[in-house]
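Just so you know, we're using full-length UniProt numbering here: the sequence shown kicks off at 1 and counts up by one.
Every residue, glycine too, gets a C-beta built ideally from N, C-alpha and C.
These numbers come from a predicted model, not from an experiment.
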Amino acid sequence: MVLAEDLAKQQRSISVAEFFEKNKHLLGFDSPTRGIITTVKEAVDNALDACEEAEVLPDIFVAIRKVGTDVYRITVEDNGPGIVGKNVPYVFGKLLYGSRFHQIRQSRGQQGIGISAAVLYAQLTTGVPALVISRTGANAPAHRFELMIKTETNEPDVLVHEEIDWDRTHGTRIEIEFRSTLAAKKRLLEYLRYTAVVNPHARITADIDGELTVFERVSSEVPPCPKAILPHPHGIEFGALKRIAAVSAEPLDEFLVNSFSRVGKKTAEEMIALANLKPRRKVKGLEAEELKRLLAAMQQVKVPAPPAQQCLSPIGEDLIRKGLEKEIPLDFIKSRTRPSTVFSGHSFIIEAAIGYGGKLPAEGSGQILRFANRVPLLYQQGACAITGCVSQVNWKAYGLSQAGLPAGPVLIMVHVASTNVPFTSESKDAIASIPEIEREIVLVLQELGRELKTYLNRRDKKKQQDDRARAICSIIPEIAAKVSDIVELPPLDTSPIEGKIMRKLVAKKRTSDGTVSIDVHNYTAREIAFTLYNLSRDDAADAEPKPDFVDAFDGEYNKVWKCLLAPGTVWQVTYSGSGDGSIDLRGVEENQKVVVDLDV
Ligand SMILES: Nc1ncnc2c1ncn2[C@@H]1O[C@H](COP(=O)(O)OP(=O)(O)OP(=O)(O)O)[C@@H](O)[C@H]1O
């Protein structure tokens, strides 16, 4: 039998760095492929957080370059406020060191582990130190560090520290090298694309192995940085109450008002009376039993919800729509931002969107996009409360087929914004099943489902009308020919009649700048040509003599169409099977030939 003394010889404390070196999967470094995504994610999240705090429009550069067999260098550079020189080694070289852990407000980072875990992973796989450059302003020098983490002590190991010239006045650049593959390139671009969707004010430029992709911003407004708030009396636990009480010099009534959000004098008095304590008792001297009574009273007394406007930063319905439309062509999209709610004293807001049609795949399950505090969640979809809620909704009632998840060309986006997102683990992949959050998600999805149903019904009705119109159009020329036979007159030109019917059939959008766009996927070439003809007549409403429709088709209907706008003005529309289906008719002058590519 092993003696306690023998065991004692082996017993020693474990540093947090040692722990995470062994349990890398807990932080999202389970495989080298995933390691690249997690590193980029941690660095980009930090860059966005820092820009938000400094209230600057983020301009983030991400590069991944192969620098040796299986070795990739990951670079992320931001235009944020920078990090003061003396703190750089701790930010990147010490796990559980950060600025957000103790703050109650929405932020991407929470734990102070993310970027230092990437440094740890890099030194584990290549032994190459991380390179960091940071500058805090035009009057400050740029600091350049090469550093690692002393795993046994979880302390930074600075190999090089120098002041250098850097062309940025403020910002941070990190370069990390580790052994990996670029197998996850598609997923990485997906992460950046969806990050751009939920951060519409950010510009992200990615150079992945020489291939440049720019995710341009759709908004130039910096979202206000969420402000930290005091803890809510309904969200505090015994240990935390004991800790803050132990360092307070205040009497109970003042302590409650000054240490908790939404507690005024009256509410404090009510709590103290309910706990059967004296208002002027110093909280520091309270016994454990008294603190327990106080806690129970704090949770029993009704207190308004925490001030969500201050501490949360929802994206907003308009920007969600714009962000999604920019990245994914859709026929229909609706978004909703729910009012703020609370779980265990933590504020949260659910935002969601539903998209349909466009370029979404018609077969298989719909696409689910999950986000938490403006960060896309890419892994563990099945374990996430968002997915659970999506499956829980009866999508058949809203016109979709369903096998657990809704099926068909549908996209569902859900964003959980909270002062404390309840993740299932430190790798922040999935949201835990919290009934209050799930209830809000289901409600917003049902609301959007109803909108989708209205759209689908309308679409089906229009399709019926369109089919009828098409049937009529197809027999009009025959009827005209028969009639001209009977009355022995030259054949009648039926195109204006057909044109009138098509005009209703083909849905067109015309923006204020004059761009006409027709979703050419839904119509035949003949229908599009007739519509163009009608548009040309609209545009020439004041022209005299009235425009004529000449030589509309080349006989095959899908090669060349010509529309005569006014005498001498020819618009020629050529089908070449490419382009985005937009037809720009601005600035067309007389005698000018316009050639448009239609993606049919
Ligand atoms: N690019 C940056 N610009 C300015 N400050 C930064 C930057 N990157 C990191 N920081 C600072 O370093 C701290 C630690 O970052 P780290 O990624 O380790 O943790 P975090 O983002 O706070 O939390 P999490 O572990 O949940 O990601 C941050 O809290 C922030 O104060």
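CA nearest to the CA of residue i, picked from the options
{"i": "residue 197", "options": "350, 316, 446, 101", "result": "316"}
{"i": "residue 218", "options": "243, 362, 318, 236", "result": "318"}
{"i": "residue 191", "options": "34, 95, 229", "result": "34"}
{"i": "residue 494", "options": "487, 485, 505, 475", "result": "475"}
{"i": "residue 309", "options": "303, 330, 302, 342", "result": "342"}
{"i": "residue 331", "options": "75, 449, 306, 357", "result": "357"}
{"i": "residue 76", "options": "95, 17, 29, 176", "result": "176"}
{"i": "residue 153", "options": "391, 354, 14", "result": "14"}
{"i": "residue 202", "options": "24, 23, 223", "result": "223"}
{"i": "residue 36", "options": "437, 381, 408, 65", "result": "65"}
{"i": "residue 52", "options": "4, 106, 2", "result": "106"}
{"i": "residue 102", "options": "94, 95, 112", "result": "112"}
{"i": "residue 430", "options": "369, 170, 151", "result": "369"}
{"i": "residue 387", "options": "445, 86, 335", "result": "445"}
{"i": "residue 410", "options": "212, 421, 449", "result": "449"}
{"i": "residue 215", "options": "269, 143, 45, 193", "result": "193"}
{"i": "residue 139", "options": "151, 148, 116, 164", "result": "164"}
{"i": "residue 69", "options": "182, 363, 237", "result": "182"}
{"i": "residue 301", "options": "144, 392, 326, 271", "result": "271"}
{"i": "residue 307", "options": "335, 340, 325, 320", "result": "340"}
{"i": "residue 327", "options": "280, 213, 281", "result": "213"}
{"i": "residue 285", "options": "249, 256, 267", "result": "249"}
Limits of the unbroken alpha helix (DSSP H) element including residue i
{"i": "residue 183", "result": "Where residue 183 is concerned, there is no enclosing alpha helix (DSSP H), given that its DSSP letter is neither H nor E."}
{"i": "residue 238", "result": "238-246"}
{"i": "residue 467", "result": "435-487"}
{"i": "residue 65", "result": "Here residue 65 belongs to no alpha helix (DSSP H); instead the beta strand (DSSP E) covers 59-68."}
{"i": "residue 138", "result": "Unbroken run through residue 138: none, as it is neither H nor E."}
{"i": "residue 304", "result": "From DSSP, residue 304 is part of no alpha helix (DSSP H); its letter is neither H nor E."}
{"i": "residue 375", "result": "Segment 375-377 is the beta strand (DSSP E) holding residue 375; no alpha helix (DSSP H) there."}
{"i": "residue 423", "result": "Counting along the chain, residue 423 falls outside any alpha helix (DSSP H), and DSSP gives it neither H nor E."}
{"i": "residue 370", "result": "From DSSP, residue 370 is part of no alpha helix (DSSP H) but of the beta strand (DSSP E) over 367-372."}
{"i": "residue 318", "result": "317-327"}
{"i": "residue 359", "result": "Taken as a continuous stretch (DSSP letters only), residue 359 belongs to no alpha helix (DSSP H), as it is neither H nor E."}
{"i": "residue 9", "result": "4-10"}
{"i": "residue 221", "result": "Element bounds for residue 221: n/a, residue is neither H nor E."}
{"i": "residue 121", "result": "114-125"}
Any non-hydrogen atom of ligand 1 within 8 Å of residue i CB
{"i": "residue 398", "result": "no"}
{"i": "residue 243", "result": "no"}
{"i": "residue 464", "result": "no"}
{"i": "residue 50", "result": "yes"}
{"i": "residue 63", "result": "no"}
{"i": "residue 47", "result": "yes"}
{"i": "residue 43", "result": "yes"}
{"i": "residue 29", "result": "no"}
{"i": "residue 121", "result": "no"}
{"i": "residue 110", "result": "yes"}
{"i": "residue 80", "result": "yes"}
{"i": "residue 195", "result": "no"}
{"i": "residue 215", "result": "no"}
{"i": "residue 181", "result": "no"}
{"i": "residue 185", "result": "no"}
{"i": "residue 34", "result": "no"}
{"i": "residue 204", "result": "no"}
{"i": "residue 98", "result": "yes"}
{"i": "residue 91", "result": "yes"}
{"i": "residue 38", "result": "no"}
{"i": "residue 172", "result": "yes"}
{"i": "residue 315", "result": "no"}
{"i": "residue 114", "result": "yes"}
{"i": "residue 428", "result": "yes"}
For residue i, the first and last residue of its enclosing beta strand (DSSP E)
{"i": "residue 162", "result": "155-164"}
{"i": "residue 334", "result": "332-337"}
{"i": "residue 341", "result": "341-343"}
{"i": "residue 355", "result": "346-356"}
{"i": "residue 206", "result": "203-208"}
{"i": "residue 75", "result": "71-78"}
{"i": "residue 213", "result": "211-215"}
Within-9 Å CB hit, residue i to chain C
{"i": "residue 212", "result": "Although the question refers to chain C, the structure presented lacks it and comprises just one protein chain."}
Inter-stretch contact (C-beta, 8 Å, three-pair minimum) for the segment 265-275 and the segment 286-303: Under the three-pair Cβ rule at 8 Å, the segment 265-275 counts as touching the segment 286-303.
Inter-stretch contact at 8 Å, needing at least 3 Cβ pairs: the segment 225-240 / the segment 254-268: Counting Cβ pairs under 8 Å, three or more are found: they touch.
Three CB pairs or more closer than 8 Å across the segment 165-183 and the segment 124-138: By the C-beta criterion, the segment 165-183 is judged to be in contact with the segment 124-138, since at least 3 inter-stretch pairs fall below 8 Å.
contact_flag[the segment 345-355, the segment 402-417] where n(CB pairs < 8 Å) is 3 or more: Flag = yes, the segment 345-355 and the segment 402-417 touch.
Cβ contact check for the segment 22-30 and the segment 155-164: 3 or more pairs under 8 Å: As far as the Cβ criterion goes, the segment 22-30 does not touch the segment 155-164, which means the pair count is below three.
Contiguous alpha helix (DSSP H) assignments of at least 4 residues, all confined to the segment 391-415: Taking only runs of at least 4 residues, no alpha helix (DSSP H) segment lies wholly in the segment 391-415.
Any 3 or more C-beta pairs closer than 8 Å across the segment 164-173 and the segment 81-88: Output reads yes: the segment 81-88 touches the segment 164-173.
Any alpha helix (DSSP H) of 4 or more consecutive residues that is wholly inside the segment 19-59: DSSP assignment within the segment 19-59 yields the following whole alpha helix (DSSP H) runs of 4 residues or more, N-terminal first: 32-54.
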